[in-house]
Amino acid sequence: VIVAGLGGSMRYNNGLNQYTETGMFFKALKLIPGLVFNRLFRGRWMDVLLTHAPPAGLHDRSDQCHRGFKVFLLLMKLFKPQFLVHGHVHLYDINTERCSTYRSTYVVNAYEHTLIDIEVP
789 VIVAGLGGSM
799 RYNNGLNQYT
809 ETGMFFKALK
819 LIPGLVFNRL
829 FRGRWMDVLL
839 THAPPAGLHD
849 RSDQCHRGFK
859 VFLLLMKLFK
869 PQFLVHGHVH
879 LYDINTERCS
889 TYRSTYVVNA
899 YEHTLIDIEV
909 P
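Pasting the structure below:
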């Protein structure tokens, strides 16, 4: 299983591991050499994109602390991971959406815990 990861949440009080959209974009750029290597030598970019924060518009909230990153949508569009697994957004209501799909990627909020079956090509 090929996993790429990006930690951090949207900047809301200038604390550690908080980024602007631009800051997270530059963090994501650092993944590209490894992803190209994977594609050339393993035949795929990545299987799982593991993030702390959610993608923008998927499982995020309207407050600055829990807003998602747009760059994660771009990564899913370009590199087509099977899964994007994130945390950070707590699920207090059993009816809150935990799983959704963006293009060909299954997006999972893994807050607290969840089990995921992955088929490796």
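One gets my numbering by counting positions in the sequence shown from 1 and adding 788 to each.
Backbone N, C-alpha and C define an ideal beta-carbon position, used for all residues, glycine too.
| Asked | Found |
| --- | --- |
| Simplified DSSP assignment, three categories, for His-840 | coil |
| Status (buried if at least 16 other CB within 10 Å, exposed otherwise) for Asn-897 | buried |
| Among Phe-829, His-840, Gln-806, the one whose alpha carbon lies nearest that of His-874 | His-840 |
| CA-to-CA distance, Ile-906 to Gln-870, given in whole angstroms | 8 Å |
| Within 8 Å, strictly: CB atoms of Val-895 and Asp-835 | no |
| Buried versus exposed call for His-901 [16 or more other C-beta atoms within 10 Å across all chains shown] | exposed |
| Boundaries of the beta strand (DSSP E) in which Ala-792 is found, first to last residue | 791-794 |
| Chain-order list of residues whose beta-carbon lies under 8 Å from that of Asp-848 (same chain, five-residue window excluded) | Ala-841, Pro-842, His-854, Arg-855, Gly-856, Val-877 |
| Residues bridged to Tyr-890 [DSSP beta-bridge criterion] | Thr-893 |
| Exposure label - Leu-866; buried when at least 16 CB within 10 Å | exposed |
| Distance CB(Leu-837)-CB(Leu-879) smaller than 8 Å | no |
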